[in-house]
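Chains as they are written, first to last, in the working numbering: chain V, 335 to 626; chain Y, 61 to 115. Where is the CB? At the ideal position from N, CA and C, for every residue including glycine.
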């Protein structure tokens, strides 16, 4: 539509028979303000397929016995428009039954970025064909999620499992105690004052006009490690380390020589001053930002 | 934060490959105009307010 030379190409539905489930989770007070989300797992109970239906399917489509289950986060925006973000997608066998786990950590990360966090978490689960095309099987029709256990034996409602760390134990402690002796091996991660003296640097002489120096701060100390390694989610995850999680820029006035004459100029150097130190997993992916 | 990192960042921001040669005489006759100082102060205030998040 944004091209100057466009032709409308009409499409038609090839397949429109995915079964969709909308899950709603009330999240109020589920995540304490001083906690860090490590992993969120959605557990759905897969109903055993009827034996007769399985036999019929094997006869008709002997080579395909899987369906694709996709979990999306549903965001109802302020203007009423719906937006979905892909969270997890995997193949499920029609012969399986019981609890199936999906990693929905990213959905919680998105939900936490909302301006109105009191709204519930909406997850859309769809079951689709593994492949499209004339020879596609109908295996997806045999994958169903239920809220009742097999034979009505107890509830099997969708479950959201939140694994968190209490930052009062596993986080950084703010600024280091200036009264205490220099940071020792076991000191908990903190932000320590570090003055950078620009006047004392030979190269800055006659070049850097402002500032004469600045408080850069640095992150020192160590972070408490959880008892169980988080290998379930990220197998290559390293230990928790004390890092600069928020930084700010440093403006400077420098002297620039142009046409044989020196003139002052303002320049801003990014990430020069540490604002906040945090404990973070080494190698963990940076959470995606929610697009406006 | 090391001295080399500050120098490297400064050279990068100014698109320079090496430290410029400026003598004391250049510095002595240099007066920072009010608008340059105002720009510096505004950036200073903004950097105190806005933090960038990230590892």
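- Going by beta carbons, residue 77 of chain Y and residue 70 of chain Y fall outside the 8 Å limit.
- In terms of CA proximity to residue 524 of chain V, V:610 leads the group V:464, V:453 and V:610.
- Counted as a single uninterrupted DSSP element, the stretch harbouring residue 407 of chain V is not any alpha helix (DSSP H) but the beta strand (DSSP E) occupying residues 400-410.
- Taking the Cα of residue 453 of chain V as reference, the smallest distance to any Cα among V:363, V:377 and V:616 is reached at V:363.
- Going by DSSP, residue 441 of chain V is part of the alpha helix (DSSP H) stretching over 439-446.
- For residue 445 of chain V, there are no neighbours in chain Y by C-beta distance under 8 Å, as the nearest C-beta there is about 18 Å away.
- For the pair residue 444 of chain V and residue 546 of chain V, the Cα-to-Cα distance works out to about 42 Å.
- Scanning the stretch 535-584 of chain V for uninterrupted alpha helix (DSSP H) segments of 4 residues or longer gives nothing; none is fully contained.
- A distance below 7 Å between beta-carbons, with the five flanking residues on each side excluded, links residue 372 of chain V to the following residues of its chain, in chain order: 497, 498, 499 and 564.
- Judged by DSSP in its simplified three-state form, residue 64 of chain Y adopts helix.
- Taking every protein chain shown into account, the CB of residue 616 of chain V has fewer than 16 other CB atoms within 10 angstroms, so this residue is exposed.
- At a cut-off of 8 Å between beta carbons, residue 69 of chain Y contacts chain V.
- Annotation: residue 371 of chain V is outside any alpha helix (DSSP H); the continuous beta strand (DSSP E) that includes it extends over 369-380.
- For residue 72 of chain Y, no pairing in a beta bridge is given by DSSP.
- Beyond the five residues adjoining it in sequence on each side, residue 573 of chain V comes within less than 8 Å, by CB distance, of 557, 559, 615 and 616 in the same chain, given in chain order.
- Where residue 387 of chain V is concerned, the enclosing alpha helix (DSSP H) starts and stops at 385-394.
- Neighbours of residue 77 of chain Y in chain V, taken as residues whose beta carbon is under 7 Å from its own, are absent, since the nearest beta carbon is some 14 Å off.
- The shortest C-alpha to C-alpha distance from residue 462 of chain V to any of V:528, V:405 and V:358 is the one to V:405.
- Under a criterion of Cβ atoms nearer than 9 Å, no residue of chain Y is adjacent to residue 438 of chain V; the nearest Cβ is some 22 Å distant.
- DSSP, read as helix, strand or coil, puts residue 98 of chain Y in helix.
- Nearest CB-CB separation between residue 535 of chain V and chain Y: below the 8 Å threshold.
- Below 8 Å, enough C-beta pairs join the stretch 578-598 of chain V and the stretch 535-554 of chain V to call them touching: three or more.
- With fewer than 16 other Cβ atoms inside 10 Å of its own Cβ, residue 394 of chain V counts as exposed.
- Beyond the five residues adjoining it in sequence on each side, residue 411 of chain V comes within less than 7 Å, by CB distance, of 417 in the same chain, given in chain order.
- Residue 520 of chain V is bridged by DSSP to nothing; it lacks a bridge partner.
- Linking residue 105 of chain Y to residue 582 of chain V through their CA atoms gives a straight-line distance of about 11 Å.
- Relative to the Cα of residue 539 of chain V, the nearest Cα in the group Y:61, Y:73 and Y:82 belongs to Y:82.
- For the options V:457, V:599 and V:433, the alpha carbon positioned closest to that of residue 440 of chain V is the one of V:457.
- Annotation: the continuous beta strand (DSSP E) that includes residue 610 of chain V extends over 595-615.
- Scanning its chain for C-beta atoms nearer than 8 Å, with the 5 sequence neighbours on each side dropped, one finds around residue 421 of chain V the residues 405, 406, 407, 436, 437, 438, 440, 441 and 457, in chain order.
- Taking the beta carbon of residue 591 of chain V as reference, the chain Y residues within 9 Å of it are 80, 81, 82 and 86, listed in sequence order.
- Scanning its chain for C-beta atoms nearer than 6 Å, with the 5 sequence neighbours on each side dropped, one finds around residue 409 of chain V the residues 417, in chain order.
- Any Cβ of chain Y closer than 8 Å to the Cβ of residue 587 of chain V would place that residue at the interface, and such an atom is present.
- A direct Cα-to-Cα measurement between residue 576 of chain V and residue 623 of chain V gives close to 23 Å.
- Within the same chain, 586 and 588 come within 7 Å of residue 601 of chain V by CB-CB distance, once the 5 residues on both sides are set aside.
- Inclusion of residue 402 of chain V and residue 493 of chain V in the CB contact set at 8 Å is not warranted, their separation being larger than that value.
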